[in-house]
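Let me begin by presenting the structure, written as structure tokens, before commenting on it.
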Amino acid sequence: MGVELPTTEFSDIPDELAMELEAHAHDGAEGHGAMVQLLDEDGRFRSDSKLAESIKDLSKDSLLGMYRQMAMIRRFDTEATALQRQGQLALWVPLRGQEGAQIGSGTATQAQDYVFPTYREHGVALTRGVDLAELLRLFRGLSNGGWDPRATGFHLYTLVLAAQTPHAVGYAMGMQRDQARAAARGEQGGDPGAVVAYFGDGASSEGDVHESMVFAASFKAPVVFFCQNNQWAISVPAEVQSRIPLFNRAKGYGFPGVRVDGNDVLAVYAVTQWALERARSGKGPVLIEAYTYRQGAHTTADDPTKYRLSDEEQAWLAKDPLVRFEKHLRSEGIADEAFFEQVAADGDALATKARADILGFTAPNLADAFANVYAEPHPLVEQELAWHRQYEAGFADADAEATREGGR
1 MGVELPTTEF SDIPDELAME LEAHAHDGAE GHGAMVQLLD EDGRFRSDSK
51 LAESIKDLSK DSLLGMYRQM AMIRRFDTEA TALQRQGQLA LWVPLRGQEG
101 AQIGSGTATQ AQDYVFPTYR EHGVALTRGV DLAELLRLFR GLSNGGWDPR
151 ATGFHLYTLV LAAQTPHAVG YAMGMQRDQA RAAARGEQGG DPGAVVAYFG
201 DGASSEGDVH ESMVFAASFK APVVFFCQNN QWAISVPAEV QSRIPLFNRA
251 KGYGFPGVRV DGNDVLAVYA VTQWALERAR SGKGPVLIEA YTYRQGAHTT
301 ADDPTKYRLS DEEQAWLAKD PLVRFEKHLR SEGIADEAFF EQVAADGDAL
351 ATKARADILG FTAPNLADAF ANVYAEPHPL VEQELAWHRQ YEAGFADADA
401 EATREGGR
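Under the numbering used here, the letters of the sequence shown match residues 1 to 408, in that order.
Listed below in structure tokens is the structure:
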């Protein structure tokens with residue numbers, strides 16, 4: 001039986017999309033290359049864009065749903081940040097400012113697709129049906145994950161930078177081979193799926209990303225690399241991470257790279273939809289660079305005032321994805337004041353539920369952590385567990401002695 005080697009012929013960006021990129025270079029890209037945009041900063045729709053056709057199928061309810069999810073996840077994010085400040089979470093990773101990139105791309109995925117997130121994709125989690133309380137369980141230290149990835153098509157968070165990208169490519173290659181075997185047996189399989197691998201501009205410097213792109217290109221894996229360039233890898237600016245626009249790196253691997261205005265939810269949706277359709281059809285990977293901005297801290301352990309200027313932050317606030325989309329919905333008569341008031345009320349209700357969920361969680365038992373070290377019982381772990389129980393019992397003895405002393 002012969003071995004089928006990977007092809008060395010790679011499809012490039014279709015001519016119409018290449019023309020689109022050249023035609024719509026955006027000032028916000030600061031000379032770093034063309035950038036796909038459908039909504040300008042005032043929410044005006046660019047009907048002259050060729051990609052405008054791809055969102056005509058979005059119903060009014062779909063558009064309102066996208067705004068609603070953007071607003072809801074921002075309110076949830078604000079509440080989670082407050083909960084961490086009040087000692088209810090060990091850490092929180094804010095997403096404020098990146099709602100357009102996350103809701104736009106997440107909405108473009110289909111049920112058969114699979115998502116590999118980092119630790120900031122709370123908005124994508126919402127689009128995939130993940131119970132947001134499970135995110136809080138993770139950051140409270142009660143769970144290593146919390147949700148079922150098989151039920152949601154949304155993998156557990158990865159806290160190690162870029163470690164999820166090789167997993168994403170491997171999973172995509174597995175999907176590719178499963179489909180090929182089913183076809184060889186003449187079986188009617190379901191709709192082909194694709195994988196989305198999220199990572200940030202800082203993680204793009206990790207070797208895992210490079211190795212993942214080499215494998216994905218060589219085997220035409222059905223994977224979309226989605227880089228949220230939020231301008232700061234903690235305190236390191238994007239221009240230090242890469243001397244060229246990040247999306248240009250795709251050329252070196254032999255597949256398309258596209259920069260999209262990450263604060264334009266409609267453009268993100270259109271580009272991600274195109275990339276996923278391309279991947280599902282067997283044409284191989286795509287790199288999407290969503291050019292956006294992290295409005296808050298990298299995590300609640302970070303202080304961005306130490307390395308960012310307020311003028312920069314104010315300039316990006318004018319490009320806020322939520323405000324921009326609201327302007328569009330209002331100007332087009334798609335949403336009225338009653339809608340926005342209801343969304344705000346629903347967001348407050350979600351925040352209230354999040355707080356109640358946190359306070360209702362059962363306190364963790366550290367002894368349970370010993371059971372997750374090995375699949376089978378291990379004598380060293382059993383010895384360490386016995387020592388831990390003895391250590392905890394020492395506190396009980398000390399408390400009892402203090403109580404006796406206080407009663408004399």
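C-beta atoms are modelled at their ideal positions from N, C-alpha and C, and glycine is treated no differently. All figures in this text were calculated on a predicted structure; none of them were measured in a lab.
Check your understanding: Hey, would you say PHE361 sits closer than 8 angstroms to ARG85, going by beta carbons?
Key -> The beta carbons of PHE361 and ARG85 sit no closer together than 8 angstroms.
Review point. Less than 8 angstroms separating the beta-carbons of GLN410 and ALA267?
Key: Limits of the chain in this structure are 1 at one end and 408 at the other, which puts residue 410 out of reach.
Exercise for review: Can you grab the Cα-Cα spacing for the pair TYR291 / VAL260, in whole Å?
Suggested key: Taking the straight line joining both Cα atoms gives about 6 angstroms.
**Study point:** Residue span of the alpha helix (DSSP H) that contains ALA290, given as start and end
**Key:** In this chain, ALA290 is not harboured by any alpha helix (DSSP H); it is covered by the beta strand (DSSP E) spanning 286-291.
Check your understanding: Looking at C-alpha atoms only, which residue of GLY207, ALA367 and ALA393 is the closest neighbour of GLU382?
Key -> When the alpha-carbon of GLU382 is set against those of GLY207, ALA367 and ALA393, the nearest one is in ALA367.
Exercise for review: Compute the Euclidean distance between the alpha carbons of SER212 and ALA354, then round it to the nearest angstrom.
Suggested key: Whole-angstrom Cα-Cα distance: 36 angstroms.
Review point. Which of helix, strand or coil does DSSP assign to VAL381?
Key: Residue state, collapsed to three classes: helix.
Practice item. Kindly identify the DSSP beta-bridge partner or partners of ALA197. Key: ALA197 is bridged to PHE116 and PHE225.
**Study point:** Integer Cβ distance of THR158 from THR127, believed to fall under 8 angstroms
**Key:** Not quite, the Cβ-Cβ distance comes to about 18 angstroms (not below 8 angstroms), so this is no contact.
Review point. When burial is assigned at 16 or more other CB atoms within 10 Å of the CB, is GLU121 buried or exposed?
Key: Classification of GLU121: buried, given that the 10 Å Cβ count is 16 or more.
**Study point:** Same chain only: Cβ atoms within 8 angstroms of LEU64, ignoring 5 sequence neighbours per side
**Key:** These residues qualify, in order along the chain: LEU329, ILE334, ALA335 and PHE339.
Exercise for review: Would you tell me roughly how many angstroms separate the C-alpha atoms of ALA111 and GLN342, rounded to the nearest one?
Suggested key: Cα-Cα distance, rounded: 28 angstroms.
Review point. Can LEU276 and ALA194 be called in contact, C-beta distance under 8 angstroms?
Key: Yes, Cβ-Cβ distance for LEU276 and ALA194 is below 8 angstroms.
Exercise for review: Indicate the three-state DSSP secondary structure (helix, strand or coil) for LEU89 in the structure shown.
Suggested key: The answer is coil: DSSP assigns LEU89 none of H, G, I, E or B.
Practice item. Would you check if there are 3 or more beta carbon pairs closer than 8 angstroms linking the segment 240-247 to the segment 202-211? Key: Taking 8 angstroms as the limit for Cβ pairs, the verdict is that the segment 202-211 does touch the segment 240-247.
**Study point:** Closest by C-alpha distance to ALA82, when choosing among PRO377, THR352 and LEU385
**Key:** Cα-wise, what sits closest to ALA82 is THR352.
Practice item. State the start and end residues of the unbroken alpha helix (DSSP H) segment that holds GLY106. Key: Counted as a single uninterrupted DSSP element, the alpha helix (DSSP H) harbouring GLY106 occupies residues 99-108.
Exercise for review: Measure the C-alpha to C-alpha separation of TYR114 and ASP42 and round it to an integer number of angstroms.
Suggested key: The alpha-carbon separation between TYR114 and ASP42 amounts to approximately 34 angstroms.
**Study point:** DSSP-derived helix/strand/coil call for LEU38
**Key:** DSSP places LEU38 in the coil class of the three-state scheme, outside both helix and strand.
**Study point:** Closest Cα partner of ALA233 within the set ARG249, VAL93 and ALA52
**Key:** The residue from ARG249, VAL93 and ALA52 with its alpha-carbon nearest to that of ALA233 is VAL93.
Exercise for review: Kindly indicate the opening and closing residues of the beta strand (DSSP E) around ARG259.
Suggested key: Counting along the chain, the unbroken beta strand (DSSP E) around ARG259 starts and ends at 257-261.
**Study point:** Reference PRO166; option with closest CA among LEU39, ALA197, TRP387 and ALA396
**Key:** Residue ALA197 is the option with its Cα nearest to PRO166.
Practice item. Return the CA-CA distance between GLY262 and CYS227, expressed in angstroms with no decimal places. Key: Each residue's CA atom was taken as its position, placing GLY262 and CYS227 some 10 angstroms apart.
Exercise for review: Mind reading off the beta-carbon distance from TRP274 to TYR293? Whole number of angstroms is fine, and I expect it under 8 angstroms.
Suggested key: Contact between TRP274 and TYR293 fails: their C-beta atoms lie close to 24 angstroms from each other, not under 8 angstroms.
Practice item. For PHE361, name the three-state secondary structure that DSSP assigns. Key: It is coil, neither helix nor strand.
Point to revise | Assumed close pair GLY104, VAL258 - CB separation to whole angstroms, cut-off 8 angstroms | key: Incorrect: roughly 13 angstroms between the Cβ atoms, too far for contact.
Exercise for review: Rounded to whole angstroms, what's the CA-CA distance from SER54 to SER47? Just pull it up for me.
Suggested key: Rounded to the nearest angstrom, the two C-alpha atoms are 11 angstroms apart.
Exercise for review: Note down the Cα distance separating ALA71 from ALA250, rounded to an integer number of angstroms.
Suggested key: The alpha-carbon separation between ALA71 and ALA250 amounts to approximately 33 angstroms.
Review point. Helix, strand or coil: which one does DSSP assign to VAL373?
Key: In the structure shown, VAL373 sits in coil (DSSP, three-state: anything other than H, G, I, E or B).
Exercise for review: Output the distance between the C-alpha atoms of GLN164 and PHE45, rounded to the nearest integer angstrom.
Suggested key: Using only the alpha carbons, I get a separation of about 35 angstroms.
**Study point:** Same chain only: Cβ atoms within 8 angstroms of HIS24, ignoring 5 sequence neighbours per side
**Key:** Here HIS24 scores only 44 on pLDDT, less than 50, and its place in the model should not be relied on; the value that follows carries that caveat. Hits under 8 angstroms: ALA34, MET35, VAL36, GLN37, ARG46 and SER49.
Check your understanding: DSSP state of GLU22, grouped into three classes?
Key -> Bear in mind that the predicted position of GLU22 carries a pLDDT of just 46, short of 50, making it unreliable; the figure below should be weighed with that in mind. GLU22 falls in the helix class under three-state DSSP.
Review point. Applying the criterion that 16 or more other CB atoms from any shown protein chain within 10 Å of the CB defines a buried residue, is TRP387 buried or exposed?
Key: TRP387 is exposed by the Cβ-count criterion.
Point to revise | Nearest-angstrom Cα separation, counted from LEU287 out to LEU322 | key: The straight-line gap from Cα to Cα measures roughly 24 angstroms.
**Study point:** Residues near LYS319 in its chain [Cβ-Cβ closer than 8 angstroms; skip 5 each side]
**Key:** Sequence-distant partners of LYS319 (beyond 5 residues in either direction) whose C-beta falls short of 8 angstroms from its own C-beta, in its chain, are GLY28, GLU41, ASN263 and TYR293.
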